[in-house]
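Take a look at the structure set out below.
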Amino acid sequence: MKKGIFITFEGGEGSGKSTHIACAADYLRKKKKKVLVVRDPGSTQISEAIRAILLDSKNQEMAMETELFLYLAARAQFVKEMIMPALQKGMVVISDRFEDSTVVYQGFAGGISPKRIQKIVPEARGNLVPQLTFLLDVSVEEGLRRAGRTDRMEQKSVAFHEKIRRGYLALARKNRKRFMVIATEAPFDKVRKKIEEGLDRAIA
Ligand code: TMP
């Protein structure tokens with residue numbers, strides 16, 4: 001069986017993930033790699049429907065457990081339907097967010113204990129772990145300015161988003177081999193170059 005490469009991008013709101021993911025996919029395609037870009041939550045019909053519930057600003061009363069299980073349900077679906085088949089074909093799969101988002105948003109900032117997170121969260125992805133994770137780091141003030149605070153998650157307090165940033169940086173320190181932390185307030189081309197260096201190592 002051929003084996004692909006699984007790469008994730010993580011970061012707070014307005015960290016520049018979408019733009020840099022598009023650049024990363026272009027770069028890999030120029031290197032003749034077959035690339036699939038997906039987003040979590042989303043990418044399949046079922047996962048996109050779950051995403052719409054999660055981000056709808058009308059759903060302010062959503063319980064933290066509901067939020068957690070909806071993120072996991074969306075992930076379970078796109079892992080089975082999209083990621084695993086692509087990896088089996090030998091493709092490079094780039095995901096805009098993955099399990100680290102749950103650990104940080106619902107765990108570190110949302111208050112679900114590390115013990116419960118460790119017990120429940122991995123169920124959604126089986127034994128699939130990213131080979132490389134780019135953490136795009138930006139100050140909360142700049143990130144929320146860029147994101148515009150339109151959806152339910154972006155509307156949470158500044159203190160919540162500060163926790164997200166601290167949570168990600170702590171997670172990256174714990175998983176130094178997998179994470180590459182990149183400050184996205186640096187000039188765009190500098191950020192792009194650093195990401196390309198990471199990609200080169202991943203596909204070597
Ligand atoms: P996005 O807008 O970056 O695509 O992400 C959607 C929102 O969902 C974002 O606010 C982060 C949040 N999120 C979680 O809270 N937990 C998760 O497990 C995932 C994947 C995303």
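Residue numbers are given in full-length UniProt numbering: position 187 of the sequence shown equals residue 187, and the series is strictly consecutive. All C-beta atoms in this analysis are idealised placements derived from N, C-alpha and C, irrespective of residue type, glycine included. Since the model is a prediction, treat every value here as computed from it, not as a measurement.
Excluding sequence positions up to five before and after GLU123, its CB lies within less than 8 Å of the CB of LEU72 and ALA76, all in the same chain and listed in chain order.
In this structure, the straight-line span from the alpha carbon of VAL181 to that of ILE46 is close to 31 Å. Using a cutoff of 6 Å, the CB of ARG97 counts as near ligand 1, since one of the ligand's heavy atoms is closer than that.
With a threshold of 6 Å, the Cβ atom of ASP26 does not count as near ligand 1, since no heavy atom of the ligand is closer than that.
Below 8 Å, too few C-beta pairs join the stretch 80 to 87 and the stretch 15 to 26 to call them touching: fewer than three. No heavy atom of ligand 1 is found nearer than 6 Å to the CB of MET64. Spanning the alpha carbons of GLY12 and LEU136 requires a straight line of approximately 8 Å. At a Cβ-Cβ threshold of 7 Å, PHE179 and ALA170 do not count as neighbours.
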